[in-house]
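Here the structure comes first, spelled out in structure tokens, and everything after it is commentary.
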């Protein structure tokens with residue numbers, strides 16, 4: 001199962017099931033499901049294995065891993 005996990009400043013932890021998408025564009029998914037704010041970290045997982053990760057720094061720049 002494909003999931004998108006969004007953690008925001010340790011105050012919010014949301015998990016979305018993405019069974020209806022094959023997209024690996026984590027930035028597009030992050031902007032769709034997240035708030036795009038400082039401290040937000042987004043993980044894209046498929047069957048509990050991390051596919052990619054992105055986050056926003058204090059200048060609201062986006063960073064991607066993988």
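In this note's numbering, the protein residues as written are 1 to 66. Beta carbons: idealized from backbone N, C-alpha and C, even for Gly.
- If the five residues before and after residue 43 are omitted, its C-beta is found closer than 7 Å to the C-beta atoms of 5, 50 and 53, all from its own chain and listed in chain order.
- Each of 34, 8, 9 and 20 was checked against the Cα of residue 1, and the nearest Cα belongs to 20.
- Across the structure, residue 23 and residue 11 are spaced so that their CA atoms are roughly 27 Å apart.
- Beta-bridge pairing by DSSP links residue 33 to no other residue.
- Taking a 10 Å sphere around the C-beta of residue 30, we find 16 or more other C-beta atoms and assign the residue as buried.
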